[in-house]
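Remarks on the structure that follows.
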Amino acid sequence: MCGIFGYSGKETIVSSVILSGLKLLEYRGYDSWGIAVTSKGKTTIKKKPGKINLAEDPKLTGSTGIGHTRWATHGGVNKINAHPHTDCSGDIIVVHNGIIENYRELASKFLRKHSFVSKTDTEVVAHLIEQELSKSKDSKRAVLKTFQKLKGLNAIIVFFPKSNELYAIKNSSPLIFGTDKKKKSFYLSSDVIAFPKDVEKIYFLDDETLLSFGKNSYSLNSSSGKELKLALTAFSQDVRGREMGAYSHYMEKEIHEQPKILSEFVATKEKEIRNLAQKIDKAFGSYLIGCGTAFYACLAGSYLFSTIAKRHINPAIGSEFSYLVDFLKKESLVIPLSQSGETIDIISSIKHAKEKKAKIYALTNVYGSTLYRQADYQLLLSAGPEQAVVSTKAFSTKLAALLLTAYTLRGEFETGKKLVLESVEEIKKILTSKQNKQIAKKLSKKSHVYVLGRGPSYPIALETALKLKESSYVHAEGFAGGELKHGVMALIETGTPVLVLNPEDETYQDTLSSAYEVKARGAYVIGISSKNNSIFDEFINVKDTKEATLISYAVVGQLLGYFTALAKGVNPDRPRNLAKSVTVK
Ligand code: G6P
Numbered sequence: 001m002c003g004i005f006g007y008s009g010k011e012t013i014v015s016s017v018i019l020s021g022l023k024l025l026e027y028r029g030y031d032s033w034g035i036a037v038t039s040k041g042k043t044t045i046k047k048k049p050g051k052i053n054l055a056e057d058p059k060l061t062g063s064t065g066i067g068h069t070r071w072a073t074h075g076g077v078n079k080i081n082a083h084p085h086t087d088c089s090g091d092i093i094v095v096h097n098g099i100i101e102n103y104r105e106l107a108s109k110f111l112r113k114h115s116f117v118s119k120t121d122t123e124v125v126a127h128l129i130e131q132e133l134s135k136s137k138d139s140k141r142a143v144l145k146t147f148q149k150l151k152g153l154n155a156i157i158v159f160f161p162k163s164n165e166l167y168a169i170k171n172s173s174p175l176i177f178g179t180d181k182k183k184k185s186f187y188l189s190s191d192v193i194a195f196p197k198d199v200e201k202i203y204f205l206d207d208e209t210l211l212s213f214g215k216n217s218y219s220l221n222s223s224s225g226k227e228l229k230l231a232l233t234a235f236s237q238d239v240r241g242r243e244m245g246a247y248s249h250y251m252e253k254e255i256h257e258q259p260k261i262l263s264e265f266v267a268t269k270e271k272e273i274r275n276l277a278q279k280i281d282k283a284f285g286s287y288l289i290g291c292g293t294a295f296y297a298c299l300a301g302s303y304l305f306s307t308i309a310k311r312h313i314n315p316a317i318g319s320e321f322s323y324l325v326d327f328l329k330k331e332s333l334v335i336p337l338s339q340s341g342e343t344i345d346i347i348s349s350i351k352h353a354k355e356k357k358a359k360i361y362a363l364t365n366v367y368g369s370t371l372y373r374q375a376d377y378q379l380l381l382s383a384g385p386e387q388a389v390v391s392t393k394a395f396s397t398k399l400a401a402l403l404l405t406a407y408t409l410r411g412e413f414e415t416g417k418k419l420v421l422e423s424v425e426e427i428k429k430i431l432t433s434k435q436n437k438q439i440a441k442k443l444s445k446k447s448h449v450y451v452l453g454r455g456p457s458y459p460i461a462l463e464t465a466l467k468l469k470e471s472s473y474v475h476a477e478g479f480a481g482g483e484l485k486h487g488v489m490a491l492i493e494t495g496t497p498v499l500v501l502n503p504e505d506e507t508y509q510d511t512l513s514s515a516y517e518v519k520a521r522g523a524y525v526i527g528i529s530s531k532n533n534s535i536f537d538e539f540i541n542v543k544d545t546k547e548a549t550l551i552s553y554a555v556v557g558q559l560l561g562y563f564t565a566l567a568k569g570v571n572p573d574r575p576r577n578l579a580k581s582v583t584v585k
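Going by UniProt numbering, the final residue of the sequence shown carries number 585, and the count climbs one at a time with no gaps.
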C-alpha cells in the first residue's frame, strides 16, 4: 500500500524532487512519511507522522535520496516506525512497500546481535544487509541475498549514502524505473504518476531482478547475479489527474471529468470492445472479478450481460475468487476489473486462474501495471490518473465498457454507444445541479442511510452506499429491494433516509412498492428517477437512458458522497484508514 520513491542523478534540490514524488504517491498511504538524502557529504533522514506538507521541505541539494509514504501494517503510526529505516551503523537505509511475512523468524535466526529501534517488519532488511556485508563487501550481492530471504510480496529501495548507490528489487509489488531523455536523472517509483515531467523513458521492474544505480549509470541483474538487458520504453505522462486545478478536491475533479472521459472512451475503444466481446463469445464460462467499487462494476456487468446480451457471466469478489477457481478450464475467460491494476487480491486471483490455464482479459486504468502486464489481453480504461482514494471516473468507465461489450455481443455496438452518450449529456446536467449538495447536508446529520435498488440498479445502490461510507463515514447500506422484508425493514424509523433508485425499467413498480413500504414506517424517501411520485420526500430527476441510466445514477451517488463529506468537514480524498492501492492482503 505504501509509496516508495528514489532519485539518483545530476545535482538538484534532491529533497524537493523526492517530496514532490511522494506527494503524488500519497494516495497509497498517508499516515506518515520520510526521506533520506545526502547533501554535501552529510546524510539527513527526516520523518514525520501525518500528511506530507511541502512547506516542510528542508531544500537539500544533492544527487541521491529516497522517500516513503506509509500505510501502517506493522507498528503504530509514529515517527520511529515511519520509513526510512536503517541498520545499526546508519549506512544502509531502506524504504519498503509490502509485508515481510517472516520478519520475526529472520530477526531471531540471523539478527540477535542487532539492535532494532522500530516495530516494523521493514527494519530487518537493513540489518540483514548489514549482516551480509560483514561476510563480503559486495553490496549488490548483499541486497540480492537479503531479498531472497524475505517471504511475501515486497518492493524495496536500498540506499548506501557513502557510495551514493541505490538498489531496487521487488516481488509482485510495483516498482518502475524512469529516466530523462539524456539519461542524466534516474528515478524509482511505486507508480509512474509520481515521475516528474522530464521522465521520457521507463522500465517496469520484473520480479526478483535487481536494479542498481549510481550518479551516472545503471544496471540490471538476475537473481543469480547475471547481467540483464534493461529495455526502456517510451513514456508520456498523462497529467490530467496530477494537478487539482480549480477544484477543491481530487474527488470533485475526477467526478467532473467523467463526461469528457466517457465520450472519449466510446469514441476510441470500439476495436478493443469488439475484441473483448469476441473473447467472451468464444469462452467456456466468463468471470468478472474486482474489489470494492470495482466489484460493484462486475456485479452491474453481470446484470448488463444478462439483460442485454442474454449471457451468463459470473461476478466474484477478488478476495473470494481463489476459492472458486476449481471451475476454471483452459477455455475459461477471467475478466479482472481494477483501476490500479495492483490490487493484491486481483493479482493473486489471476495467478490461480493462470495455473488453471484460463485466459485473462484485464480492464484496468493503469498502463504497465502488474495486472496489465500479466494479462493475456488488455482493455485500458484511459480515464487518466485517479488520485482520490475513492474510485469515481474509473467506475463509470468500467460500466460504459461493460455496457458497450454487452451490446456488441448482441451485434449492436452503436446502440450501446448512443446510450452512453445520452447518459453523458445527463451527467453534465447532474453536475451543475445544486440539489445533491442540499440533500447531502441532510444526510450528513444522520447516522444511517439506506440505498435501495433492484436488478441492475442494485449494484449501484451498493456503490452509492460505499461512496457515502468511505468518503463521509456516514453508515450507509445498499440492498436489493426484494430484501427489504428480510431484515432491513427492522431498522427503518421515523426520519431514516432511504435513497430509492427507481429507473423506468422492469423494476419500476416493485421498487416503488418498496418505497411505499419504507414510507409507511416513517422513512424519509429520496427518489432518484425520471418520474416523480408523491411518495418521494425529495426527488432527484435523472433522465432514463435505458441501461446507461446506471452511469448517471452512479454519478449522483458520487456527488452525494462528496458533498456529505464536505458537510461533515471530512477530506473526501483521504479517508481515514484507507488507501487507494491495496497491495497487501
Ligand atoms: C480500494 C479503493 C477503492 C477501489 C478498490 C479496488 O479499496 O479505495 O476505491 O475500488 O481499492 O481498487 P482497484 O484499483 O483494484 O480498482
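All C-beta atoms, glycine included, are put in the ideal place defined by N, C-alpha and C.
Nearest-angstrom beta carbon gap, residue j and residue i [assumed within contact, 8 Å]
i	j	result
residue 586	Val-451	The requested residue 586 is not part of the displayed model; the chain covers only 1 to 585.
Pro-497	Leu-578	Incorrect: roughly 24 Å between the Cβ atoms, too far for contact.
Pro-58	Lys-79	About 15 Å; that fails the 8 Å criterion.
Leu-220	Leu-232	No, Leu-220 and Leu-232 are not in contact; Cβ-Cβ is about 11 Å, not under 8 Å.
With 16 other Cβ atoms within 10 Å as the buried cut-off, status of residue i
i	result
His-249	buried
Asp-138	exposed
His-85	buried
Arg-574	buried
Arg-576	exposed
Lys-109	exposed
His-256	buried
Ala-383	buried
Lys-545	In the sequence under discussion, the amino acid at residue 545 is Thr, which differs from the Lys named in the question. With 16 or more Cβ atoms within 10 Å of its Cβ, Thr-545 is classed as buried.
Gln-378	buried
Glu-493	exposed
Arg-454	buried
Glu-254	buried
Beta-carbon spacing of residue i, residue j below 7 Å
i	j	result
Ala-283	Leu-409	no
His-74	Ile-156	no
Gly-290	Leu-328	no
Tyr-303	Pro-503	no
Thr-583	Ile-202	no
Ala-55	Ile-45	no
Ser-423	Ser-552	yes
Ala-297	Phe-395	yes
Leu-211	Phe-177	yes
Glu-469	Ser-185	Per the sequence shown, residue 469 should be read as Lys rather than Glu. Going by C-beta atoms, Lys-469 is not nearer than 7 Å to Ser-185.
Arg-28	Gly-3	yes
Leu-402	Gly-416	no
Thr-64	Thr-38	yes
Tyr-361	Lys-279	yes
Lys-170	Asp-91	no
Ser-530	Phe-213	no
Distance between residue j and residue i (C-alpha atoms, nearest Å)
i	j	result
Asp-180	Lys-51	29 Å
His-312	Ser-332	13 Å
Val-449	Leu-501	14 Å
Pro-315	Pro-572	28 Å
Gly-495	Gly-522	6 Å
Val-125	Met-244	37 Å
Ser-223	Gly-368	22 Å
Glu-252	Gly-561	10 Å
Glu-342	Ser-581	7 Å
Arg-70	Glu-517	47 Å
Leu-419	Asp-31	42 Å
Gln-237	Lys-197	7 Å
Gly-67	Asp-207	21 Å
Lys-485	Glu-26	43 Å
Ser-322	Gly-301	20 Å
Lys-330	Gly-411	26 Å
Thr-364	Phe-265	13 Å
Ser-189	Tyr-167	12 Å
Lys-568	Lys-437	12 Å
Phe-159	Thr-307	56 Å
Tyr-247	Leu-421	25 Å
Extent of the continuous beta strand (DSSP E) to which residue i belongs
i	result
Gln-558	Per DSSP, Gln-558 belongs to no beta strand (DSSP E); it is in the alpha helix (DSSP H), 549-567.
Gly-318	Element bounds for Gly-318: not the beta strand (DSSP E) but the alpha helix (DSSP H), 318-321.
Thr-405	Run containing Thr-405: none in the beta strand (DSSP E); it sits in the alpha helix (DSSP H), 393-409.
Pro-336	333-338
Any non-hydrogen atom of ligand 2 within 6 Å of residue i CB
i	result
Ser-391	What this structure holds is ligand 1, not ligand 2.
N- and C-terminal bounds of the alpha helix (DSSP H) containing residue i
i	result
Leu-153	Neither: Leu-153 is in no alpha helix (DSSP H) and is coded neither H nor E.
Pro-259	258-268
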